[in-house]
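Peer 1: Those letters in the first sequence? Residues 11 to 520, per this note's numbering, in order.
Positions of the beta carbon are idealized from the N, C-alpha and C atoms, including for glycine.
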Amino acid sequence: MLPLDFEVCRKARLSRDPRFDGTFFTAVKTTGIFCRSICPATPPKEINVTYFTTATEAASAGYRPCLRCRPDSAPGSPAWKGVNTTLERAIALINDGALQQHSLTELSERLGVSERYVRKLFNTHLGTSPKTYALYQQCLFAKQLLHQTQLPITEIALASGFNSVRRFNDCFKKQMQLTPSAIRRSAKNMSVNNGALHTLQLQLHYRPPYHWQHMQRFLRARAIPQLEWCTDNSYGRTFEWPSSYDSGSYGYFTAYHVADKHCFTVDISVNEVTHLKSIVNNIRRILDLDADTRRIENDLRAALFTEEKNIKKNTNKNTNERNITTAITLLEAGLRLPGIWSVYEAGIRAILGQQVSVTAAHRLVGTLVEVLGSGIDTEVDPGDENTSIKRLFPTPASLANNEIDFFKMPASRKQTLRNLSQHYLSQEGLTQRCVNLLQNDQPDDWQSLKGIGPWTINYAKLRGQSNPDIFLGGDLGIKKALELFDKPLATDNASPWRSYLTMHLWNMLY
DNA sequence: ACGACAGACTT
DNA sequence: AAGTACATGAAG
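Now the structure itself:
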């Protein structure tokens, strides 16, 4: 690291030059706070300023990290991105329907900022109000449904988050310059409404490359009979939304990979369409369609590159092929994070995976689903090739006070299953209020529950929330994979993509 | 903090 | 002739 040039630093911070972001930190004597070079705050006087190369140094010198530019967190992490993150979180919540039944005030409370500020963010970055943006998104989704399905327009209005058709028609015309039916007329499609369940087909696109083979292998190895089904080109499963409260919707989907079109064709069957948008969002999450894998792999390559150079020097001397693995060959293009439908399910599956092999865990989950999962009636669905029984994942209520005498397992671990389930039951009030599973289901809240350790929590975060920055260092498979390297990998450098590193490492074991 | 106003929403 | 599906104005 080069010694800091005060003059360069001064110019960089005064111009808030993003190219210097992360290369040095500005500490201010008068306030006791240190900032990144790009901090939007009014620049302090040069007399009061001390420069540091790293955030840690500044912190140990007694300064506290600035709350606006967040110099304490790693580059690229959610907090590091600061302002952008608040906006991104807001956008994510709105895309999930946060403004359909709740007010902007409630949304801003969830984000931990003032309503005024959210408005301002939207105005400067997107040029519209949060509500207008939300409506636009709703209309976009409606447009997709009009194009690709045959649902009645009333149902589409409902599915897109409108509570009256009148309002939907009006808003749609304003946003899209066309009436809903005008779009419908130009559509050809194959969807049916067979009475008990709505069935529709959607195309869900992703950004290539997509390493389907890896995703397929991973999901197939863990697929639970009656809950999930997996073929060479498809994955499907049952679902519930929101899981286990009244007025929830349920159904199942099958996603077929269409490589040459960079998309999945997804057949969805659902009892009512009210939460369709959230369901589609969750399918996108499970298949990890929104990941920018090029960016992720570039970042990982950069983070692990130093390591790679060190290894390469020894390559010639080493005759064992498995031992000359380099960080570069570790990365396979388009690798994604296979998700689990809900955080709760991920937690239960993680507990059942404690201390046993993947196959043993698989059998336990299978039994659990078979005994406690309620079945979905698929008789009315003659066109469906999957005519076998389908079951939902057991609800917290069905497990909370269950003796679980249908399989052999240490009593303490059975108690852990009950602990987690009871935790969910006691939270019902909270989850009722905020429908979104992703945002309010925090595995960190499980810490006080007996029998739940860091591995379980991290596993649930990785697979249930698709948190991109979880490194499962304690996992047996990961340990095995790490042994294939001559020198230890600098896994911390992989932030904020440590989950992807974890997946890449697991993938090596095949 | 407050009121006027625009726009969101339902019937 | 009655019923269905969608669009739209008026009022609050």
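(1) Taking the CB atoms as reference points, tell me whether PRO140 and PHE151 lie closer together than 9 Å.
(2) At the level of alpha carbons, what is the spacing between MET513 and LEU499?
(3) Skipping 5 residues on each side, what residues in its chain have a beta carbon closer than 6 Å to that of ASN291?
(4) Pop quiz: LEU14 and THR63 are said to be a contact at Cβ under 8 Å. What is the actual Cβ separation, rounded to whole angstroms?
(5) According to the neighbour-count rule (16 or more other Cβ atoms, all chains shown, within 10 Å of its Cβ), is GLN365 buried or exposed?
(6) Per DSSP, which one or two residues make a beta bridge with ASP277?
(7) Give the secondary structure of LYS55 by DSSP, where H, G and I count as helix, E and B as strand, and everything else as coil.
(8) Report yes or no: do three or more beta-carbon pairs, one from the stretch 454–463 and one from the stretch 417–432, lie closer than 8 Å?
(9) Say whether the stretch 477–485 touches the stretch 349–361, bearing in mind that this needs 3 or more beta-carbon pairs closer than 8 Å, one atom from each stretch.
(10) To the nearest angstrom, how far is the alpha carbon of LEU214 from that of GLY385?
(11) Identify whether TRP251 lies in helix, strand or coil by the three-state DSSP scheme.
(12) Please name the residue in HIS272, LYS153, GLY357, LYS400 whose C-alpha comes closest to that of PRO190.
(13) Since TRP465 is in the alpha helix (DSSP H), which residue starts that stretch and which ends it?
(14) Please list the terminal residues of the continuous alpha helix (DSSP H) segment that includes THR369.
(15) Only counting the same chain, and skipping five residues up and downstream in sequence, which positions put a Cβ closer than 8 Å to that of LEU145?
(16) When the Cα of PRO506 is compared with those of ILE361, GLU307, GLN452, THR264, which residue comes out closest?
(17) In terms of DSSP beta bridges, what is ALA71 paired with?
(18) Could you tell me the alpha carbon to alpha carbon distance between LEU409 and LEU378, rounded to whole angstroms?
(19) If the criterion is Cβ atoms closer than 9 Å, does the pair TYR245 and ALA231 meet it?
(20) Reducing DSSP to helix, strand and coil, say where TYR520 ends up.
(21) Look at the alpha carbon of ALA312 and the alpha carbon of ASP302, and state the distance between them as a whole number of angstroms.
(22) Quick check on ILE399: buried or exposed, where buried means 16 or more other Cβ atoms within 10 Å of its Cβ?
(23) To which residues of the same chain is TYR262 closer than 7 Å at the C-beta, ignoring the five residues directly before and after it?
(24) Can you name, in chain order, every residue of its own chain whose Cβ lies under 6 Å from the Cβ of ASN326, other than the five neighbours on each side?
(25) Per DSSP, what kind of secondary structure is ILE488 in: helix, strand or coil?
(26) From THR115 to THR138, what does the alpha carbon distance come to, in whole angstroms?
(27) Between PRO404 and the rest of its own chain, which residues show a CB-CB distance below 7 Å, the 5 nearest in sequence each way excluded?
(28) Considering only residues of the same chain and omitting the five flanking positions on each side of TYR260, which have a CB-CB separation below 8 Å?
(29) Could you please give the first and the last residue of the uninterrupted alpha helix (DSSP H) stretch that includes VAL18?
(30) Leaving out five residues on either side along the sequence, give the residues of the same chain with a beta carbon under 7 Å from the beta carbon of CYS273.
(31) Using CA coordinates, which residue listed in ARG295, ASP309, VAL368 is at the minimum distance from LEU347?
(32) For GLN148, is the classification buried or exposed, using 16 other Cβ atoms within 10 angstroms of its Cβ as the cut-off for buried?
(33) Can you give me the start and stop residues for the beta strand (DSSP E) that ALA37 sits inside?
(34) Please tell me whether THR275 and VAL283 are closer than 9 Å, where the distance is taken between their beta carbons.
(35) Would CYS19 pass as a contact of CYS45 if the rule is Cβ separation under 9 Å?
(36) Determine the direct distance from the alpha carbon of GLN432 to that of CYS444, and round the result to whole angstroms.
Peer 2: Taking the coordinates as given:
(1) Contact flag unset, no.
(2) Approximately 14 Å, taken between the alpha carbons.
(3) Cβ neighbours of ASN291 beyond the five flanking positions: ASP106.
(4) Sure, about 6 Å apart at Cβ, within 8 Å.
(5) Exposed, since its Cβ has fewer than 16 Cβ neighbours within 10 Å.
(6) By DSSP's assignment, ASP277 forms a beta bridge with GLN211, THR264.
(7) Coil at LYS55, not helix or strand.
(8) For the pair of segments examined, the stretch 454–463 was found to touch the stretch 417–432: the number of CB pairs separated by less than 8 Å reaches three.
(9) Result no; under three Cβ-Cβ pairs closer than 8 Å.
(10) Rounded to the nearest angstrom, the two C-alpha atoms are 27 Å apart.
(11) Here TRP251 sits in strand by DSSP.
(12) Here the closest residue by C-alpha is LYS153.
(13) Where TRP465 is concerned, the enclosing alpha helix (DSSP H) stretches over 464–474.
(14) It spans 368–382 - the alpha helix (DSSP H) in which THR369 sits, taken as one unbroken run.
(15) Around LEU145: CYS181, GLN185.
(16) Looking at the Cα atoms, GLU307 is the closest of the given residues.
(17) ALA71 pairs with nothing; no bridge assigned.
(18) Each residue's Cα considered, the two are about 9 Å apart.
(19) Not in contact: TYR245 and ALA231 (Cβ atoms no closer than 9 Å).
(20) TYR520 falls in the coil class under three-state DSSP.
(21) In this structure, the alpha-carbon of ALA312 lies about 16 Å from that of ASP302.
(22) Only exposed fits ILE399, as fewer than 16 other CB atoms lie within 10 angstroms of its CB.
(23) The beta carbon of TYR262 lies closer than 7 Å to those of GLY246, ARG247, THR248, PHE249, SER279, ILE386, LYS400 in the same chain, with the five residues before and after it left out.
(24) Unreliable placement is indicated for ASN326, whose pLDDT of 46 sits below 50; no coordinate value is reported for it.
(25) ILE488: helix per DSSP, three-state reduction.
(26) Computed Cα separation, rounded: 17 Å.
(27) Non-local beta-carbon contacts of PRO404 in its own chain, meaning distances under 7 Å to residues more than five positions away in sequence, involve LEU378, VAL379, LEU382, GLY383 in chain order.
(28) Hits under 8 Å: THR248, PHE249, GLU250, TRP251, VAL280, ASN281, ILE386, LEU402.
(29) For VAL18, the enclosing alpha helix (DSSP H) begins and ends at 16–24.
(30) Contacts found: GLN213, LEU214, HIS215, TYR216.
(31) Here the closest residue by C-alpha is ARG295.
(32) Answer is buried; the Cβ neighbour count reaches 16.
(33) Per DSSP, the continuous beta strand (DSSP E) segment holding ALA37 begins and ends at 35–38.
(34) In this structure, VAL283 does not lie closer than 9 Å to THR275 by Cβ.
(35) No, the Cβ-Cβ distance between CYS19 and CYS45 is not below 9 Å.
(36) Confidence is the limiting factor: at CYS444 the pLDDT is only 39, short of 50, which leaves the residue's position unreliable, though a coordinate-based value still follows. Approximately 19 Å, taken between the alpha carbons.
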